[in-house]
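Asker:
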Amino acid sequence: MQDGRTTLSKFLIDTLDRQPSTVSTSGLSALLVDVAASIKTISAALTKGALGGHYGSAHTVNTHGEEQKTLDIVTNDIFVQHCEWDGLLAGMVSEEMDDVYAIPAAYPRGDYLLAFDPLDGSSNIDINGVVGSIFSVLRVNRDAPDAASVDTAFLRAGHEQVAAGYAIYGPATMLVLSVGNGTHGFTLERDVGNFVLTHSDIRIPEDSGEFAINASNERFWEPPVRRYVQECKDGRSGCRARDFNMRWIASMVAEVHRILMRGGVFMYPRDFKTPEMEGRLRLLYEASPMSFLIEQAGGCAITGRERILDVVPERLHQRVPVILGSKNEVVRIRRYHDEYDRGADKPYTSPLFNERSLFLPEAPV
Ligand code: F6P
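Position 107, counted from 1, in the sequence shown is what numbering that gives the first Met the number 0 calls 106; the numbers after and before it change by one each time, with no gaps.
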């Protein structure tokens, strides 16, 4: 480029189309350009705020029984319209659609599968807070015995993703993307309409002093999560011997973005508030793509007991507990789950030992 900047198209051509690869990525650049076009359109719609005429409830519920906002439906349609025609997709799945969206017969079908949450954190819309979009791309496994079924084609572990990303609609709109060679951030240059590479090869600090969790659910958490959060809150006077800070924006995109920028831990753990739910966040279009981005930036993402990218979904809209972020903190939380499961955490979870005291053995790191 003449001005030395790298646009999204140039990045994709350099990274995907001009690199020798053992895995075919043919057409992936074009698909990601269509996803980026959806994001630009959504960004333009959101910028209008209440003046755009899309505020309020749609008076419908989605497949999870949650009330849909008009913008949930509008942004879902934007994704579908930008991506269904290009001949690259075999199907789409979204938080706002009950079943797999089959590509209409009028368009050719391709080999990619797109899962997305068109408007993450949509409760923030009413308060003009930060929201986002999340997406995940898989390639149809033509060798699978049920390759012809687009319904089961999506039920694959997250480590098989060929691309994942999110858009954050904040003061600036950014696209954060990974095609498996690191996590990279692009900022939308609104007047020109280009995404420009501004955050190349993002790395998450391994240690951190910040955590994010909806603390109103504390009484429903499992003991290992309570232990971790209590130790953070104990700060300097507890066994961690340093102070921690807490944040909660109620938008996974905003929390993950903060962690990519400066480290930290985000948790929506298993809880007993709704016992029939495995977790709160959806595996295919929330947990999996975010875990891919986090791991590509040097962080870790677990359910508490296993790596999220190894979880094979059984259902399209399956939920999963999520703990992700700075490596050393996530490893610690996994150890706390392990110690709890083995019954080896009693000295640390007993109410007697909440404060640093003569009775508290130094917790192994
Ligand atoms: O549904 C997803 C989501 O909006 C996430 O983006 C966010 O982290 C979470 O739910 C917010 O949950 P809560 O309503 O418990 O704050």
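Glycine included, each C-beta is placed from N, C-alpha and C at the ideal position.
Computed from a prediction, not measured in an experiment: that's the story for all the values here.
By the 10 Å Cβ neighbour count, where 16 or more other Cβ atoms means buried, how is Ile-12 classified, buried or exposed?
Answerer: Here residue 12 refers to the residue found at position 13 when the sequence shown is read from its first residue. Result: exposed.
Asker: At a cut-off of 7 Å, would you count Arg-241 as near the ligand F6P, judging by its Cβ distance to the nearest heavy atom?
Answerer: The residue you call residue 241 lines up with position 242 of the sequence shown. Arg-241: no, Cβ never under 7 Å from the ligand F6P.
Asker: Which residues bound the alpha helix (DSSP H) around Ser-148?
Answerer: For the purposes of this step, residue 148 is identified with residue 149 of the sequence shown, where counting begins at 1. It is not in any alpha helix (DSSP H) - Ser-148 carries neither H nor E in the DSSP assignment.
Asker: Taking Cβ positions, are Gln-295 and Ser-177 nearer each other than 8 Å?
Answerer: Locating residue 295 in the sequence shown gives position 296, counting from the first residue. Locating residue 177 in the sequence shown gives position 178, counting from the first residue. Yes.
Asker: How many whole angstroms separate the CB atoms of Pro-223 and Gly-303, which I take to be in contact at a CB cut-off of 8 Å?
Answerer: Along the sequence shown, read from residue 1 onward, the residue named residue 223 stands at position 224. Along the sequence shown, read from residue 1 onward, the residue named residue 303 stands at position 304. Indeed they touch by this definition, with Cβ atoms about 7 Å apart.
Asker: Starting from Asp-299, follow its DSSP beta bridges and name the residues at the other end.
Answerer: Locating residue 299 in the sequence shown gives position 300, counting from the first residue. The displayed chain sequence assigns Cys, not Asp, to residue 299. BP columns for Cys-299 point to Gly-324.
Asker: Are the CB atoms of Ala-171 and Leu-308 nearer to each other than 8 Å?
Answerer: Taking the first residue of the sequence shown as position 1, residue 171 is located at position 172. Taking the first residue of the sequence shown as position 1, residue 308 is located at position 309. Not in contact: Ala-171 and Leu-308 (Cβ atoms no closer than 8 Å).
Asker: Pick out every residue whose C-beta is nearer than 5 Å to a heavy atom of the ligand F6P: which are they, in chain order?
Answerer: Checking every Cβ against the heavy atoms of the ligand F6P under 5 Å gives Asp-119, Gly-120, Asn-213, Ala-249, Ser-250 and Met-251.
Asker: Which runs of the alpha helix (DSSP H) spanning at least 4 residues fall entirely within the region 59-104, listed in chain order?
Answerer: As far as the region 59-104 is concerned, its whole alpha helix (DSSP H) runs of at least 4 residues are 69-82.
Asker: Specify, as a first and last residue, the run of the alpha helix (DSSP H) that Leu-50 falls within.
Answerer: Here residue 50 refers to the residue found at position 51 when the sequence shown is read from its first residue. From DSSP, Leu-50 is part of no alpha helix (DSSP H); its letter is neither H nor E.
Asker: Which value, in whole angstroms, describes the spacing of the CA atoms of Glu-338 and Ile-212?
Answerer: Counted from its first residue, the sequence shown places residue 338 at position 339. Counted from its first residue, the sequence shown places residue 212 at position 213. Near 21 Å, if we compare the C-alpha coordinates of Ile-212 and Glu-338.
Asker: So, are the CB atoms of Gly-120 and Val-252 less than 8 Å apart?
Answerer: Translated into positions along the sequence shown, residue 120 becomes position 121. Translated into positions along the sequence shown, residue 252 becomes position 253. Contact: yes.
Asker: In the structure shown, what three-state DSSP assignment does Ser-177 receive?
Answerer: The residue you call residue 177 lines up with position 178 of the sequence shown. Strand.
Asker: Which residue wins for smallest C-alpha separation from Pro-204, given the options Leu-315, Val-264 and Ile-77?
Answerer: In the sequence shown, residue 204 corresponds to position 205, counting from 1. The residue with the shortest Cα to Cα distance from Pro-204 is Val-264.
Asker: Who are the near neighbours of Gly-262 in its chain, counting only those whose CB is closer than 6 Å to its CB and skipping five residues on each side?
Answerer: For the purposes of this step, residue 262 is taken as the residue at position 263 of the sequence shown. Contacts found: Ile-203, Pro-204, Ser-207 and Ser-325.
Asker: Can you give me the C-alpha to C-alpha distance between Tyr-100 and Glu-313, rounded to a whole angstrom?
Answerer: Translated into positions along the sequence shown, residue 100 becomes position 101. Translated into positions along the sequence shown, residue 313 becomes position 314. So the alpha carbons of these two residues sit roughly 18 Å apart.
Asker: Please state whether the Cβ-Cβ distance between Ser-215 and Val-129 is less than 8 Å.
Answerer: One-based indexing of the sequence shown puts residue 215 at position 216. One-based indexing of the sequence shown puts residue 129 at position 130. No.
Asker: Pick from Asp-85, Ala-43, Val-136 and Gly-55: whose alpha carbon is nearest that of Ile-102?
Answerer: Within the sequence shown, numbered from 1, the residue matching residue 102 stands at position 103. Of the listed residues, the one whose Cα sits closest to Ile-102 is Asp-85.
Asker: State yes or no: is the beta carbon of Ala-143 nearer than 8 Å to at least one beta carbon in chain B?
Answerer: Protein chain content of the structure displayed is limited to a single chain, and chain B is not contained in it.
Asker: Give me whichever residues DSSP pairs with Asn-193 in a beta bridge.
Answerer: Here the question's residue 193 lines up with position 194 in the sequence shown. Note: Asn-193 sits in a beta bridge opposite Glu-188.
Asker: Are the beta-carbon atoms of Arg-226 and Asp-233 separated by less than 8 Å?
Answerer: Here residue 226 is taken as the residue at index 227 of the sequence shown, counted from 1. Here residue 233 is taken as the residue at index 234 of the sequence shown, counted from 1. Taking 8 Å as the Cβ cut-off, Arg-226 and Asp-233 do not qualify as a contacting pair.
Asker: Hey, quick one: how far does the alpha helix (DSSP H) through Leu-282 stretch, first residue to last?
Answerer: The sequence position of residue 282 within the sequence shown is 283, counting from 1. First-last for Leu-282: undefined, no H or E at that position.
Asker: Does the separation of the CB atoms of Tyr-267 and Leu-280 fall below 8 Å?
Answerer: Numbered from 1 along the sequence shown, position 268 holds the residue referred to as residue 267. Numbered from 1 along the sequence shown, position 281 holds the residue referred to as residue 280. Yes, these two residues count as a Cβ contact at 8 Å.
Asker: Does the beta-carbon of Ser-199 have 16 or more other beta-carbons within 10 angstroms, so that it is buried, or is it exposed?
Answerer: Position 200 of the sequence shown holds residue 199. With fewer than 16 Cβ atoms within 10 Å of its Cβ, Ser-199 is classed as exposed.
Asker: Taking Val-92 as the reference, give the member of Leu-70, Leu-137, Ile-167 and Ser-56 with the closest Cα.
Answerer: As a first step, residue 92 must be located in the sequence shown, where it is residue number 93. Nearest option by C-alpha distance: Leu-137.
Asker: Cβ of Val-149 within 8 Å of Cβ of Ala-105?
Answerer: Translated into the one-based positions of the sequence shown, residue 149 becomes position 150. Translated into the one-based positions of the sequence shown, residue 105 becomes position 106. No, the Cβ-Cβ distance between Val-149 and Ala-105 is not below 8 Å.
Asker: Opposite Asn-123 in the DSSP bridges: which residues?
Answerer: For the purposes of this step, residue 123 is taken as the residue at position 124 of the sequence shown. Paired residues: none, contrary to the question.
Asker: Just grab the DSSP bridge partners of Thr-172 for me.
Answerer: Locating residue 172 in the sequence shown gives position 173, counting from the first residue. In DSSP, Thr-172 forms a bridge with Tyr-168.
Asker: Taking only the alpha-carbon atoms, compute the straight-line gap between Gly-26 and Arg-241 and give it to the nearest angstrom.
Answerer: Here residue 26 refers to the residue found at position 27 of the sequence shown. Here residue 241 refers to the residue found at position 242 of the sequence shown. About 49 Å.
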